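Participant:
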Amino acid sequence: MSELLDARAATLLPDGEPLRRHDAAVFDLRRRRDAAVAALPDFEALRTHAQAIKTHTLDYLDAYLERFESQAAAAGAVVHWAEDGAAHNDIVHGLLRERGVRRVVKSKSMLTEECGLNPYLEARDLEVVDTDLGERIVQLGQELPSHIVVPAVHRSRAEIGELFHVHMQTPSGESDPVRLTEYARRDLRPRFLAAEAGITGVNFAIAETGTIVVCTNEGNADLGMSLPPLHIASMGIEKVIPTLADLATFLRLLARSATGQPITAYTSLVTGPRAGGELHIVLVDNGRSRLLANSTHRSSLACIRCGACLNTCPVYRRAGGHAYGQAVAGPIGAVLAPALSSQAEGRRLPLASTLCGSCSAVCPVRIDLHGQLLAWRRTRAHAGAGERVLQRAAAVVLGRAALLRAAGALVRLCWPLLARRWPGNPLGVWLLGRQLPAHPGASFATRYRRLKGSKR
Amino acid sequence: MREPVVDVALFIPCYVDQLAPSVGLAALRVLEHVGCRVHYDPRQTCCGQPFINTGATREAARLARAHLALFEKADAVVCPSASCVSTVRHRYAELGLELGPDAQRLCARTFELGEFLVRELDRSELGSRFPHRVALLQSCHGLRELELGHPSERVYATRPEPGVTERLLRAVEGLELVWPERPDECCGFGGAFSVKFPEVSTRMGRDRVRALAATEAEYVTGSDVSCLLHLDGVARREGLGPRPIHLAEILASGLDG
Numbered sequence: 001m002s003e004l005l006d007a008r009a010a011t012l013l014p015d016g017e018p019l020r021r022h023d024a025a026v027f028d029l030r031r032r033r034d035a036a037v038a039a040l041p042d043f044e045a046l047r048t049h050a051q052a053i054k055t056h057t058l059d060y061l062d063a064y065l066e067r068f069e070s071q072a073a074a075a076g077a078v079v080h081w082a083e084d085g086a087a088h089n090d091i092v093h094g095l096l097r098e099r100g101v102r103r104v105v106k107s108k109s110m111l112t113e114e115c116g117l118n119p120y121l122e123a124r125d126l127e128v129v130d131t132d133l134g135e136r137i138v139q140l141g142q143e144l145p146s147h148i149v150v151p152a153v154h155r156s157r158a159e160i161g162e163l164f165h166v167h168m169q170t171p172s173g174e175s176d177p178v179r180l181t182e183y184a185r186r187d188l189r190p191r192f193l194a195a196e197a198g199i200t201g202v203n204f205a206i207a208e209t210g211t212i213v214v215c216t217n218e219g220n221a222d223l224g225m226s227l228p229p230l231h232i233a234s235m236g237i238e239k240v241i242p243t244l245a246d247l248a249t250f251l252r253l254l255a256r257s258a259t260g261q262p263i264t265a266y267t268s269l270v271t272g273p274r275a276g277g278e279l280h281i282v283l284v285d286n287g288r289s290r291l292l293a294n295s296t297h298r299s300s301l302a303c304i305r306c307g308a309c310l311n312t313c314p315v316y317r318r319a320g321g322h323a324y325g326q327a328v329a330g331p332i333g334a335v336l337a338p339a340l341s342s343q344a345e346g347r348r349l350p351l352a353s354t355l356c357g358s359c360s361a362v363c364p365v366r367i368d369l370h371g372q373l374l375a376w377r378r379t380r381a382h383a384g385a386g387e388r389v390l391q392r393a394a395a396v397v398l399g400r401a402a403l404l405r406a407a408g409a410l411v412r413l414c415w416p417l418l419a420r421r422w423p424g425n426p427l428g429v430w431l432l433g434r435q436l437p438a439h440p441g442a443s444f445a446t447r448y449r450r451l452k453g454s455k456r
Numbered sequence: 001m002r003e004p005v006v007d008v009a010l011f012i013p014c015y016v017d018q019l020a021p022s023v024g025l026a027a028l029r030v031l032e033h034v035g036c037r038v039h040y041d042p043r044q045t046c047c048g049q050p051f052i053n054t055g056a057t058r059e060a061a062r063l064a065r066a067h068l069a070l071f072e073k074a075d076a077v078v079c080p081s082a083s084c085v086s087t088v089r090h091r092y093a094e095l096g097l098e099l100g101p102d103a104q105r106l107c108a109r110t111f112e113l114g115e116f117l118v119r120e121l122d123r124s125e126l127g128s129r130f131p132h133r134v135a136l137l138q139s140c141h142g143l144r145e146l147e148l149g150h151p152s153e154r155v156y157a158t159r160p161e162p163g164v165t166e167r168l169l170r171a172v173e174g175l176e177l178v179w180p181e182r183p184d185e186c187c188g189f190g191g192a193f194s195v196k197f198p199e200v201s202t203r204m205g206r207d208r209v210r211a212l213a214a215t216e217a218e219y220v221t222g223s224d225v226s227c228l229l230h231l232d233g234v235a236r237r238e239g240l241g242p243r244p245i246h247l248a249e250i251l252a253s254g255l256d257g
């Protein structure tokens, strides 16, 4: 049995203080989002408009990608196409090797996490430094980001202070976020200056102009693409949007949905390389065109990676991002995993939801996330032979009133036994953290018969 | 007679029949009180929700077909469990059954008890009396798929009038309605989720129980029996929190006759 989101798995967020802190910190982002979007009376219409742009773009993605490629090339960028993560890593490594690059600074990019770029480059003797503060923390801790916008949200200040103490020789016991940030800044600055290449992600790519757009709060991407002579931007093929005017719609939605900010502190539009520099843009498929061809699941490519569905998800907040075992956690991670993940376990993730629908209600591009989870469940990829047999049997019992009532009578008879915890109790899993209700007495059907029979 | 007689088919989902029969009786009492002629067919079983939610489409389709056939003649189907209603209204169409116009109408005419009273009969004041402090648990399917209330995620251009569940509770004599912190956070039941991911499910349940306990309510109510059963189980294990009582049971309290 898979151990995703399971109490036995070391990846589940520990109960107690870490759980309480994580839930509070992540839900705070949801609250900030609520306050920010409430200030836009036309917010729901804006979501609908954004969805329409994404739907249209995905319907004509081939044309927009080619347009983007030719416009980016006209502006002086070199565009590369990568069929999968391995091809992407190979292209990036090739560019670095050809130029004799040893030191690379990176800003946050979920795509490079998806492709496993860091370990790939490190295995080839390159020094790769993540420069987003949260990414830097998880890099020092040798772990994956647990959230797509706030990668180290599973870590307490004290833990971060300890990591910095070990890796940057900062004073022991420091947990003040301002001072910790200052230490990280001091550690990063010479690394920026020494880097021979900067790798960034891409939030949006504009077909009309061949522009890439990078949104950060720390300005680290701007340093990474301005200081070194080589800038490599990695993006999934779904990031393209038609025009600059469309960008305005998404910028109004992105930061508000993510953290409740009206806009990210830095929003950089890059059209072609800077003077004397090189810009390479790597367009990555890695399963996306398969999703594009799937009319049921195509809409999940509309995601702008704001993280709002993670922040609102009651399961994500109680499990932590690492429990999902994917680069992208939470509802959108569970929606993408069956299509994009190389691991078989990813196919079970659509089950890791109560289908409460809060994710669908916050999504700025109106992806029907819980409907998508249900649709993946219908593929039955998660269900083993044993489960299928049990379900078939259950359907027979639940499909016939006589069998249902007989089964119910048996359960009522055994109620005191079933209510106790003992090895082999078929209701044992329910009883792990719950009790059975009080004995229900006779069924409704029986009582109805008595009630109406006695009146006649 | 204050109003014309309305014929109603009572849909008592399998688990309400077996595990919470008092909720079914209360729903029957309320519907008869407002003048409905209630028909109950004891051959009814399960709408198929557990199978739909785990992707067992073939089994679900068989149950859905049987459900639609059984209620074929009904003008309105009323049920005291929001998630089962949402299953019939929204999910049957995804089963590939090729529903005809009559079946589609039946799906659309399947109502949660509270919405039937308020939206179809325009009755929110029933004469119920329940002199207690009551916290409302807004069940997710009822809230976000049947819109029995107003999801906290949504932005409303103008302030909407209270949702149907709230309107019914506000009209109950003596009832003091309170809301838990995070008024529409999921309780963690989620059907198969509760046993496939028991640890996360009970973490969610415990947080909800604590938030409900903080309201110092005597009871917690809602329009979905399954969420209340899960919460009841967690609350009893933790020795904490208000007692669960279904909306129908509150509405049936203190009715004359």
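Taken in order, these protein sequences are the chains called H and Z.
Under the numbering used here, the residues of the first sequence are numbered 1 to 456, in order.
Under the numbering used here, the residues of the second sequence are numbered 1 to 257, in order.
Glycine is no exception: its CB is placed at the ideal position from the N, C-alpha and C atoms.
Computed from a predicted structure; not experimentally measured.
Keeping to the same chain, check which residues put their C-beta closer than 7 Å to that of residue 336(H); ignore five residues upstream and five downstream.
Facilitator: Contacts found: 300 and 328.
Participant: So which of 207(H), 135(H), 371(H) and 249(H) has the shortest CA-CA distance to residue 86(Z)?
Facilitator: Considering only alpha carbons, the answer is 371(H).
Participant: At the 9 Å Cβ level, is residue 352(H) part of the contact set with chain Z, yes or no?
Facilitator: Chain Z, which has a Cβ nearer than 9 Å to the Cβ of residue 352(H), makes this yes.
Participant: With distances taken Cα to Cα, identify the nearest neighbour of residue 194(Z) among 19(Z), 11(Z), 53(Z) and 13(Z).
Facilitator: Nearest C-alpha to residue 194(Z): 53(Z).
Participant: What's the call for residue 474(H), buried or exposed, on a 16-neighbour Cβ count within 10 Å?
Facilitator: Lying outside 1 to 456, the shown extent of chain H, residue 474(H) is not represented and no answer is given.
Participant: Buried or exposed: residue 181(H), going by 16 or more other Cβ atoms within 10 Å of its Cβ?
Facilitator: That one is exposed.
Participant: Please name the residues in the segment 179-196 of chain Z whose beta-carbon is closer than 9 Å to at least one beta-carbon of chain H, in chain order.
Facilitator: So the list reads 182, 184, 185, 186, 187, 188, 189, 190, 191, 192, 193, 194, 195 and 196, given in the order they occur along the chain.
Participant: List the residues that DSSP assigns as beta-bridge partners of residue 231(H).
Facilitator: DSSP, once it has assigned bridges, lists 198(H) and 279(H) as partnering residue 231(H).
Participant: Mapping DSSP to helix, strand and coil, what is residue 204(H)?
Facilitator: Of the three classes helix, strand and coil, the one that applies to residue 204(H) here is strand, per DSSP.
Participant: Kindly give me the distance between the Cβ atoms of residue 226(Z) and residue 15(Z), rounded to whole angstroms, as I take these residues to be in contact under 8 Å.
Facilitator: With 8 Å as the limit, residue 226(Z) and residue 15(Z) qualify as a contact, their Cβ atoms being about 7 Å apart.
Participant: Report buried or exposed for residue 12(Z), applying the criterion of at least 16 other Cβ atoms within 10 angstroms of its Cβ.
Facilitator: Buried, because 16 or more other Cβ atoms sit within 10 Å of the Cβ of residue 12(Z).
Participant: Which residues does DSSP list as the beta-bridge partners of residue 36(Z)?
Facilitator: DSSP output for residue 36(Z) lists 6(Z) as bridge partner(s).
Participant: Verify whether the separation of the beta carbon atoms of residue 105(H) and residue 191(H) is less than 9 Å.
Facilitator: Yes.
Participant: On the DSSP letters alone, give me the boundaries of the alpha helix (DSSP H) that residue 211(H) sits inside.
Facilitator: Run containing residue 211(H): none in the alpha helix (DSSP H); it sits in the beta strand (DSSP E), 211-216.
Participant: Can you tell me the Cβ-Cβ gap for residue 64(Z) and residue 97(Z), rounded? I've got them flagged as a contact below 8 Å.
Facilitator: That pair is a contact at about 6 Å.
Participant: Report the three-state DSSP secondary structure of residue 80(H) (helix, strand or coil).
Facilitator: Residue state, collapsed to three classes: strand.
Participant: Which residues in chain Z have a C-beta closer than 8 Å to the C-beta of residue 430(H)? List them in chain order.
Facilitator: Ordered by position in chain Z, the residues that pass the 8 Å Cβ test against residue 430(H) are 194, 195, 198 and 233.
Participant: What separation, rounded to the nearest whole angstrom, lies between the Cα atoms of residue 206(Z) and residue 23(Z)?
Facilitator: Going from the Cα of residue 206(Z) to the Cα of residue 23(Z) covers about 24 Å.
Participant: Report back the beta-carbon spacing between residue 71(Z) and residue 27(Z) to the nearest angstrom; my notes put them in contact at under 8 Å.
Facilitator: Not confirmed; about 16 Å, so no contact.
Participant: Can you give me the C-alpha to C-alpha distance between residue 497(H) and residue 164(H), rounded to a whole angstrom?
Facilitator: Given a span of 1 to 456 for chain H in the structure shown, any question on residue 497(H) remains unanswerable.
Participant: Grab the span of the alpha helix (DSSP H) containing residue 219(Z) for me, first residue to last.
Facilitator: Segment 219-222 is the beta strand (DSSP E) holding residue 219(Z); no alpha helix (DSSP H) there.
Participant: How about residue 109(H) and residue 202(H): do their beta carbons lie closer than 9 Å?
Facilitator: Yes, the Cβ-Cβ distance between residue 109(H) and residue 202(H) is below 9 Å.
Participant: With DSSP run on the structure shown, which of helix, strand or coil describes residue 244(Z)?
Facilitator: The answer is strand: DSSP assigns residue 244(Z) an E or B state.
Participant: Along chain Z, in chain order, which residues have C-beta atoms closer than 9 Å to that of residue 296(H)?
Facilitator: Going along chain Z, no residue has its Cβ under 9 Å from residue 296(H), so there is no contact; the nearest lies around 10 Å.
Participant: Please work out which residues of its chain come closer than 6 Å, Cβ to Cβ, to residue 40(Z), disregarding the five sequence neighbours upstream and downstream, and give them in chain order.
Facilitator: Cβ neighbours of residue 40(Z) beyond the five flanking positions: 10.
Participant: Grab the span of the beta strand (DSSP E) containing residue 152(H) for me, first residue to last.
Facilitator: Here residue 152(H) belongs to no beta strand (DSSP E), and DSSP marks it neither H nor E.
Participant: Would residue 161(Z) count as contacting chain C if we go by Cβ distances under 9 Å?
Facilitator: Among the protein chains of the structure shown, namely H and Z, there is no chain C.
Participant: Using 8 Å for Cβ pairs, my map puts residue 110(Z) next to residue 399(H). What's the rounded Cβ distance?
Facilitator: Not a contact, Cβ separation roughly 19 Å.
Participant: Against chain H, with Cβ distances strictly below 9 Å, would residue 89(Z) count as a contact?
Facilitator: No, its Cβ sits nowhere closer than 9 Å to a Cβ of chain H.
Participant: Any idea what DSSP makes of residue 266(H), helix, strand or coil?
Facilitator: Three-state DSSP puts residue 266(H) in a strand.
Participant: Tell me whether residue 1(H) sits in a helix, a strand or coil according to DSSP, three-state version.
Facilitator: At residue 1(H) the pLDDT is 38, less than 50, meaning the model places this residue with poor confidence; the figure from the coordinates comes in the next sentence. Reduced to three states, the DSSP call for residue 1(H) is coil.
Participant: Using a 10 Å radius around the Cβ and a threshold of 16 neighbouring Cβ atoms, would you call residue 139(H) buried or exposed?
Facilitator: Label assigned to residue 139(H): buried.
Participant: Check the Cβ-Cβ distances between residue 34(H) and every residue of chain Z, and say whether any is below 9 Å.
Facilitator: Residue 34(H) counts as touching chain Z.
Participant: Does the beta carbon of residue 37(Z) come closer than 9 Å to any beta carbon on chain H?
Facilitator: Taking Cβ atoms only, chain H never reaches closer than 9 Å to residue 37(Z), which makes this a no.
Participant: Is the segment 375-394 of chain H in contact with the segment 263-279 of chain H, if contact means three or more CB pairs nearer than 8 Å?
Facilitator: Verdict: no, contact absent.
Participant: What residues from chain H crowd round residue 55(Z), counting only those whose CB sits closer than 9 Å?
Facilitator: Those within 9 Å of residue 55(Z) in chain H are 350, 351, 374, 375, 376, 377, 378, 379, 380, 381, 382 and 383.
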